[in-house]
Amino acid sequence: MRKSPPLRGTVRISGSKNSVLPILAASLLAEGKSKIGEVPFLKDVVIMQDLLKYFGAEVKWDKVNGFIEICADNINGYEAAYDLASQMRASFLVMGPLLARIGKAKVPLPGGCAIGSRPVDLHLKGFAALGADIKQQNGYVEAYANKLKGAKIYLDFPSVGATENIIMAAVYAEGTTIIENAAVEPEIVDLANYLNGMGADIRGAGTDSIKINGVDKLKGTSHNVIPDRIEAGTFMVAGAITRGEIFLENVVSDHLKPVIAKLKECNVEVTESEKGIKVCGKDVIKAVDIKTLPYPGFPTDMQAPFMSLLSIAEGTSMVIETVFENRFMHVGELKRMGAQIKIESRSAIIEGVKKLTGTQVRATDLRAGASLILSALVAEETTEISDIYHIERGYSEIDKKLIALGADLEKVK
Ligand code: UD1
Numbered sequence: 012m013r014k015s016p017p018l019r020g021t022v023r024i025s026g027s028k029n030s031v032l033p034i035l036a037a038s039l040l041a042e043g044k045s046k047i048g049e050v051p052f053l054k055d056v057v058i059m060q061d062l063l064k065y066f067g068a069e070v071k072w073d074k075v076n077g078f079i080e081i082c083a084d085n086i087n088g089y090e091a092a093y094d095l096a097s098q099m100r101a102s103f104l105v106m107g108p109l110l111a112r113i114g115k116a117k118v119p120l121p122g123g124c125a126i127g128s129r130p131v132d133l134h135l136k137g138f139a140a141l142g143a144d145i146k147q148q149n150g151y152v153e154a155y156a157n158k159l160k161g162a163k164i165y166l167d168f169p170s171v172g173a174t175e176n177i178i179m180a181a182v183y184a185e186g187t188t189i190i191e192n193a194a195v196e197p198e199i200v201d202l203a204n205y206l207n208g209m210g211a212d213i214r215g216a217g218t219d220s221i222k223i224n225g226v227d228k229l230k231g232t233s234h235n236v237i238p239d240r241i242e243a244g245t246f247m248v249a250g251a252i253t254r255g256e257i258f259l260e261n262v263v264s265d266h267l268k269p270v271i272a273k274l275k276e277c278n279v280e281v282t283e284s285e286k287g288i289k290v291c292g293k294d295v296i297k298a299v300d301i302k303t304l305p306y307p308g309f310p311t312d313m314q315a316p317f318m319s320l321l322s323i324a325e326g327t328s329m330v331i332e333t334v335f336e337n338r339f340m341h342v343g344e345l346k347r348m349g350a351q352i353k354i355e356s357r358s359a360i361i362e363g364v365k366k367l368t369g370t371q372v373r374a375t376d377l378r379a380g381a382s383l384i385l386s387a388l389v390a391e392e393t394t395e396i397s398d399i400y401h402i403e404r405g406y407s408e409i410d411k412k413l414i415a416l417g418a419d420l421e422k423v424k
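Per my numbering: the sequence shown ends with 424, consecutive numbering throughout.
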């Protein structure tokens, strides 16, 4: 990547990665055909598709038109292949649907990853409360239940994945399940809307108390995935950092409130309209403080991309990461490009610099990779980013979208 001119033009945001993955997993629950639209073209979707096929689902992905058709009439597998499931943490989301649909599931225990240890204890506590018998051995989690029974479940932390997995497990449970301190992310609401479209009875998604009345049968339905708020936020930063002018289509500004508020605090002009969001970068970028929190707080997934912007802001910014314990892997790479950042436990103190300089850097995880792309857009000379497969897991055709806005980059095989 070389230093780019101010980015200009319109970009269409793809469907949400974090919505489509649980929605695909939830398709295992229904009989008949489901059609899911606004499916982003991502490596993680390929993995989830392969997992569903492995369990016996018929899956057709029309990549040109961005939809997937699934028929899960004959689900006969219950054991997720290690080679497949271990490639993606979100594979664990098949556990709730399999347990609900066929009463058993065996899935590799997700390992740690670059951003932290990421346990699944809350998922398992939820399944156990519903009456599942859980075993952990040889690196796998096994869960069995003849018939799950509704229960009241309190989550110690509003985990997104645990909330989703427990909702999916509870849809066929006998009686009522209540999840307290549930995650309230828009992706939870999208999943509940999809399941309710299939015939489930889920109320309160989007609040911290979700009630699920068990039903006997779910039937396939059609559903369009919500726009990806993190991809949108990343492109907003791309507009701001290059002092460009970008219009984003297919966005829900309500999902982006904290990102928009912080961009405005940085002196970036953001205009919301019914058609989308316009971002207009100014010469002076002001330093701001950020603390990541569960929704509706500032999203942890936007922390690394935002740090790229703050690294060239006027003044000192502080970023506190409260959601994941080790999510500063991008800092070392940004420092190699000339950023001045100090880490103190879960805080990063960023002294804005006048310029960054390109060099060879490595994407250590998805959002860290996005932050390197953003910094490379304004860095002098050339930046070479390796391990871009991390970025392709979660950003649909980011290279093509950036080039269309005027970025000077090429993907080298
Ligand atoms: C999801 C998103 C991810 C995002 C994260 C937080 C998907 C596919 N991924 O991940 O992009 O960064 O939400 O917004 O949707 N935790 C436990 N025990 C558990 C589960 C979680 O301690 O059983 C902890 C995690 O280690 C982490 C925190 O809770 O520190 C948040 O994790 P969680 O909300 O579960 O994130 P994911 O669903 O994995």
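Built from N, CA and C at the ideal position, the CB exists for glycine as well.
- Taken through DSSP and simplified to helix, strand or coil, Ile178 comes out as helix.
- By a beta-carbon distance limit of 8 Å, Ile402 does not contact Ala418. Their separation comes to about 14 Å.
- In the assembly as shown, Val281 is a buried residue. Its beta-carbon has 16 or more other beta-carbons within 10 Å.
- A buried status is given to Glu175, since no fewer than 16 other beta-carbon atoms sit within 10 Å of its beta-carbon.
- Gly20 counts as exposed, since fewer than 16 other beta carbons sit within 10 angstroms of its beta carbon.
- According to the DSSP assignment, Pro316 belongs to the alpha helix (DSSP H) that extends over 314-321.
- Three or more beta-carbon pairs separated by less than 8 Å are not found between the stretch 79-96 and the stretch 156-168, which leaves the two stretches without contact.
- Using a C-beta cut-off of 8 Å, the stretch 389-405 makes no contact with the stretch 216-227, since fewer than three inter-stretch Cβ pairs fall below that distance.
- The nearest non-hydrogen atom of the ligand UD1 is less than 7 Å from the C-beta of Thr311.
- Not one heavy atom of the ligand UD1 sits closer than 7 Å to the Cβ of Arg254.
- Of the candidates Lys230, Ser358, Ile177, Lys230 places its Cα closest to the Cα of Glu42.
- Under the DSSP definition of a beta bridge, Glu283 partners with Ile288.
- When DSSP states are grouped into helix, strand and coil, Leu141 belongs to the coil group.
- For Thr21, the uninterrupted beta strand (DSSP E) run begins and ends at 19-23, by DSSP.
- With a cutoff of 8 Å on beta-carbon distance, Ala156 and Gly137 are scored as not near each other.
- Lys163: member of the beta strand (DSSP E) spanning 163-165, first to last residue.
- Taking Val182 as reference, the option from Gly217, Ala203, Ile271, Ala324 with the minimal CA-CA separation is Ala203.
- For Leu135, the CB contacts under 6 Å within the same chain, skipping 5 residues up- and downstream, are Ile145 in chain order.
- When DSSP states are grouped into helix, strand and coil, Ile252 belongs to the helix group.
- By the Cβ neighbour-count rule, Arg214 is exposed, with fewer than 16 other Cβ atoms within 10 Å of its own.
- DSSP, reduced to helix, strand and coil, places Leu259 within a strand of the structure shown.
- For Lys302, DSSP records a beta bridge to Ile331.
- Pairing Lys366 with Lys46, the inter-Cα distance amounts to about 47 Å.
- Put simply, the backbone Cα of Tyr65 is about 25 Å away from that of Gly210.
- When rounded, the separation of the alpha-carbon atoms in Leu206 and Ala415 is 36 Å.
- For Ala92, the CB contacts under 7 Å within the same chain, skipping 5 residues up- and downstream, are Tyr65 in chain order.
- For Pro16, same chain residues with a beta-carbon under 6 Å away, outside a window of 5 residues either side, are Gly417 in chain order.
- Rounded to the nearest angstrom, the Cβ distance from Ile296 to Ala251 is 7 Å, consistent with a contact under 8 Å.
- Residue state for Ala379 is assigned as helix, using DSSP reduced to three classes.
- Closest by C-alpha distance to Leu32, out of Pro51, Lys71, Lys14, Phe335, is Pro51.
- If you ignore the 5 residues before and after Lys115, its C-beta comes within less than 6 Å of the C-beta of Tyr89, Tyr155, all in its own chain and listed in chain order.
- If only uninterrupted beta strand (DSSP E) runs of at least 3 residues are considered, those enclosed by the stretch 52-89 are 69-73, 78-82.
- Within a 10 Å sphere around the beta-carbon of Asp212 sit fewer than 16 other beta-carbons, which makes this residue exposed.
- Counting the other Cβ atoms within 10 Å of the Cβ of Pro316 gives 16 or more, which makes it buried.
- About 5 Å separates the beta carbons of Asp398 and Arg373, which is inside the 8 Å limit, making them a contact pair.
- Residue pairing by DSSP puts Gln148 in a beta bridge opposite Tyr151.
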